[in-house]
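Engineer: The sequence shown begins at 1017 in our numbering and counts up by one.
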Amino acid sequence: MKKFLGLVFAVVLFSNTSLAQVTVKDKMQEIGGIFKTISQTMGDATQNAANAENAQKLADAFIATSPLVPPSIAQMTGEEQTAAMAEYQDLLTEAASISLDLKKAFETGAPVQDIIKALLDIRKKAHSQFML
């Protein structure tokens, strides 16, 4: 019985800390890893199904990142913070939408280079504006 309760406690403790500690940096590292995988395999048509799945994961990660506040925005106050957060969320929404376009391109065998470039452009803009 003690072992069982100890196991339950460990599971509850682990799940609570892991969910509570997700940061923008964590999500950006996840996004970067997914993007790297896609970039390394996008020229191999045999990887299109896997890349379509990864593009969906990319879109999901952008959406999951949207409510998180980057440290640079957290330091702002009032209307400046509200406007910056709205712009940040708009960029993430756009990136999620482009990721879904990427998924469709992989599913249909369409060229993906311009879509990848669009994602890189958003990344550059977000990193320069919000110091991500």
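All residues carry an ideal CB built from backbone N, CA and C; glycine is no exception.
Predicted model only: the values in this text are computed from it and were never measured.
Are leucine 1118 and valine 1128 close, meaning C-beta to C-beta below 8 Å?
Structural biologist: Yes, they are a contact pair.
Engineer: How many whole angstroms separate the CB atoms of isoleucine 1050 and alanine 1068, which I take to be in contact at a CB cut-off of 8 Å?
Structural biologist: Contact flag wrong, Cβ pair sits at about 12 Å.
Engineer: Under the three-state reduction of DSSP, which class applies to valine 1040: helix, strand or coil?
Structural biologist: Of the three classes helix, strand and coil, the one that applies to valine 1040 here is helix, per DSSP.
Engineer: Suppose the cutoff is 8 Å on Cβ atoms and the five residues either side in sequence are ignored; what does the same chain contact list for lysine 1141 look like?
Structural biologist: Here the set comprises Leu1107.
Engineer: Extract the residue ranges of the alpha helix (DSSP H) inside the segment 1069-1130, only unbroken runs of 4 or more that lie entirely within it.
Structural biologist: Correct list: 1087-1090 and 1094-1124.
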